[in-house]
Amino acid sequence: MRFTFPLLAIGLEVVMIVLFALFVQYETGPNTSQKPNSTELPAMDPDTSMDSYPHFQDVHVMVFAGFGFLMTFLRKYGFSGVGINLLIAALGLQWGTFIQGIFRKHGQKFQIEIQNMIHADFSAVTVLISFGAVLGKTSPIQMLIMTIIEITVFAANEFLVFEVFLASDIGESMTIHAFGAYFGLAVAGILYRSRLKEGHPNEESVYHSDMFAMIGSLFLWIFWPSFNSATASDAKKQYRAIVNTYFSLAASVVTAYACSSLLESRGKLNMVHIQNATLAGGVAVGTCADMEIPPYYAMIIGSIAGVVSVIGFKFLTDCGGQSGSCPRFFHCNSTCWRANHRCDSKDTYLGTTT
Numbered sequence: 001m002r003f004t005f006p007l008l009a010i011g012l013e014v015v016m017i018v019l020f021a022l023f024v025q026y027e028t029g030p031n032t033s034q035k036p037n038s039t040e041l042p043a044m045d046p047d048t049s050m051d052s053y054p055h056f057q058d059v060h061v062m063v064f065a066g067f068g069f070l071m072t073f074l075r076k077y078g079f080s081g082v083g084i085n086l087l088i089a090a091l092g093l094q095w096g097t098f099i100q101g102i103f104r105k106h107g108q109k110f111q112i113e114i115q116n117m118i119h120a121d122f123s124a125v126t127v128l129i130s131f132g133a134v135l136g137k138t139s140p141i142q143m144l145i146m147t148i149i150e151i152t153v154f155a156a157n158e159f160l161v162f163e164v165f166l167a168s169d170i171g172e173s174m175t176i177h178a179f180g181a182y183f184g185l186a187v188a189g190i191l192y193r194s195r196l197k198e199g200h201p202n203e204e205s206v207y208h209s210d211m212f213a214m215i216g217s218l219f220l221w222i223f224w225p226s227f228n229s230a231t232a233s234d235a236k237k238q239y240r241a242i243v244n245t246y247f248s249l250a251a252s253v254v255t256a257y258a259c260s261s262l263l264e265s266r267g268k269l270n271m272v273h274i275q276n277a278t279l280a281g282g283v284a285v286g287t288c289a290d291m292e293i294p295p296y297y298a299m300i301i302g303s304i305a306g307v308v309s310v311i312g313f314k315f316l317t318d319c320g321g322q323s324g325s326c327p328r329f330f331h332c333n334s335t336c337w338r339a340n341h342r343c344d345s346k347d348t349y350l351g352t353t354t
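Structure follows, in structure tokens:
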């Protein structure tokens, strides 16, 4: 670890520098139009492309502060949760910029725009979602390797979804949240050790870890409308994405609180429900956020998502309080279910169906 990690990290950064020197340059082209649902980014004048910077800034806060603090929910993994989050996000956004640019330009040189940087942050988010499934189970070396592999597969999957199938997914609920959730679960399955079937004493939260995780949830909740609208192709779609996400998130908070109180003994609120289910509305509405749906549709989607997320935690993660009763490696209190399947994947199904 002492020598392997530094050598791998420095080696990867050197490779990034060389690839950027060969393929990446500043934007210089005139304005062009963009196809709907396309991952092909328009060439914009540097002055006009700065219009996207506020959205990029919001997404950036989500990546490093939101997901970083959200990963502190384990009692003895706070420093590593935030620290490794920063490491893999920093590497991921560089590799994401390169690999997505290569896919879009078919191996040719490409220009860096603010939209490229937003998409690079999106690719990093995919790994951060998967990171939630392997908290405490992987070393920094394994996370670096996982980052490179996952973002490569993500870029290919994103190209397939948007360029081949021409799917609509403005908030990338399918390509980011569902993909990241199940990629993480697959890695967790590969790393499964039978002796951990009964769980681990450190695989739980305490008061201060839940408090820091709640701060992460607040960052994500506040900036999620920017996340779902950052790649909209025009102002009208961006406006609809912001409004629909705004009200869907608000509705999911109310139903998540209500459902948590209903399902917990003596009507107490469960902080784990609150940290995650309150974000369900943003995930669920992401696929259709830019469509012409009335605001009350978005509120219905968010309301259902909040309920589904709480129920998912209660009956899939808790396993009725019986250790070892969860299917195979997804044992009781598993971080896999807590950070991935409970919220991201099921709410993606809801949004896609809508």
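Reminder that position 115 of the sequence shown reads as 115 in the UniProt record's numbering, one-by-one numbering, no gaps. We treat Cβ as the ideally placed atom computed from N, Cα and C, and that holds for glycine. Since the structure is predicted, the reported quantities are computational estimates derived from the model, not experimental observations.
Should residue i go down as buried or exposed, given a rule of 16 or more other Cβ atoms within 10 Å for buried?
{"i": "K109", "result": "exposed"}
{"i": "H106", "result": "exposed"}
{"i": "R338", "result": "A caution first: R338 carries a pLDDT of 49, below 50, which makes its placement in the model too unreliable to give a value."}
{"i": "P6", "result": "exposed"}
{"i": "K236", "result": "exposed"}
{"i": "P294", "result": "exposed"}
{"i": "V272", "result": "buried"}
{"i": "V164", "result": "exposed"}
{"i": "E204", "result": "exposed"}
{"i": "R266", "result": "exposed"}
{"i": "V14", "result": "exposed"}
{"i": "D169", "result": "buried"}
{"i": "E113", "result": "buried"}
{"i": "P225", "result": "buried"}
{"i": "A284", "result": "buried"}
{"i": "I242", "result": "buried"}
{"i": "residue 364", "result": "Missing from the structure shown is residue 364; the chain here goes from 1 to 354 and no further."}
{"i": "I151", "result": "buried"}
{"i": "S217", "result": "buried"}
{"i": "A213", "result": "buried"}
{"i": "G136", "result": "exposed"}
{"i": "V206", "result": "exposed"}
{"i": "N85", "result": "buried"}
{"i": "A156", "result": "exposed"}
{"i": "Q25", "result": "exposed"}
{"i": "N116", "result": "buried"}
Could you give the distance in angstroms between the alpha-carbon of residue i and the alpha-carbon of residue j?
{"i": "F20", "j": "A65", "result": "26 Å"}
{"i": "F179", "j": "E27", "result": "30 Å"}
{"i": "F95", "j": "V307", "result": "Here residue 95 turns out to be Trp, not Phe, going by the sequence shown. Those two C-alpha atoms are separated by around 37 Å."}
{"i": "V18", "j": "R75", "result": "40 Å"}
{"i": "F73", "j": "R2", "result": "27 Å"}
{"i": "F69", "j": "I222", "result": "14 Å"}
{"i": "T4", "j": "I141", "result": "8 Å"}
{"i": "T231", "j": "G92", "result": "19 Å"}
{"i": "L87", "j": "Q275", "result": "23 Å"}
{"i": "A258", "j": "T278", "result": "11 Å"}
{"i": "N270", "j": "H177", "result": "23 Å"}
{"i": "L8", "j": "I300", "result": "48 Å"}
{"i": "F122", "j": "G171", "result": "10 Å"}
{"i": "F98", "j": "F227", "result": "21 Å"}
{"i": "F67", "j": "G184", "result": "15 Å"}
{"i": "P54", "j": "A289", "result": "19 Å"}
{"i": "D58", "j": "S229", "result": "11 Å"}
{"i": "G81", "j": "M71", "result": "5 Å"}
{"i": "I215", "j": "G83", "result": "16 Å"}
{"i": "I129", "j": "K314", "result": "20 Å"}
{"i": "A167", "j": "A250", "result": "27 Å"}
{"i": "D51", "j": "Y192", "result": "46 Å"}
{"i": "I190", "j": "V253", "result": "34 Å"}
{"i": "Q111", "j": "E158", "result": "19 Å"}
{"i": "L263", "j": "A298", "result": "25 Å"}
{"i": "R240", "j": "M211", "result": "33 Å"}
{"i": "G132", "j": "E292", "result": "33 Å"}
{"i": "S139", "j": "Y296", "result": "45 Å"}
{"i": "S194", "j": "P201", "result": "16 Å"}
{"i": "V127", "j": "M146", "result": "8 Å"}
{"i": "I10", "j": "Y182", "result": "29 Å"}
Could you pull the DSSP bridge partners for residue i from this structure?
{"i": "Q275", "result": "Per DSSP, none; premise fails for Q275."}
{"i": "V24", "result": "F110"}
Could you round the C-beta distance between residue i and residue j to whole angstroms and report it? I think they count as a contact, below 8 Å.
{"i": "M174", "j": "T245", "result": "The pair is not a contact, with the Cβ atoms about 16 Å apart (cut-off 8 Å)."}
{"i": "G312", "j": "S209", "result": "With a Cβ gap of about 21 Å, G312 and S209 do not count as contacting."}
{"i": "S260", "j": "V310", "result": "5 Å"}
{"i": "V63", "j": "A89", "result": "5 Å"}
{"i": "residue 379", "j": "V187", "result": "Outside the modelled stretch of the chain, which goes from 1 to 354, sits residue 379, for which no answer is possible."}
{"i": "I118", "j": "F56", "result": "5 Å"}
{"i": "L144", "j": "L12", "result": "6 Å"}
{"i": "G101", "j": "F154", "result": "The pair is not a contact, with the Cβ atoms about 14 Å apart (cut-off 8 Å)."}
### Task
Could I get the ranges of all uninterrupted beta strand (DSSP E) runs contained in the region 66-121, with 3 residues as the minimum, in chain order?
With a minimum length of 3 residues, the continuous beta strand (DSSP E) runs that stay inside the region 66-121 are 110-112.
### Query
For the region 239-263, which segments carrying the alpha helix (DSSP H) assignment without a break, of at least 4 residues, lie completely within its bounds, in sequence order?
For the region 239-263, not a single whole alpha helix (DSSP H) run of length 4 or above is found.
### Query
Going along the chain, which unbroken runs of the alpha helix (DSSP H) with 4 or more residues stay wholly within the region 149-232?
179-190 and 207-229
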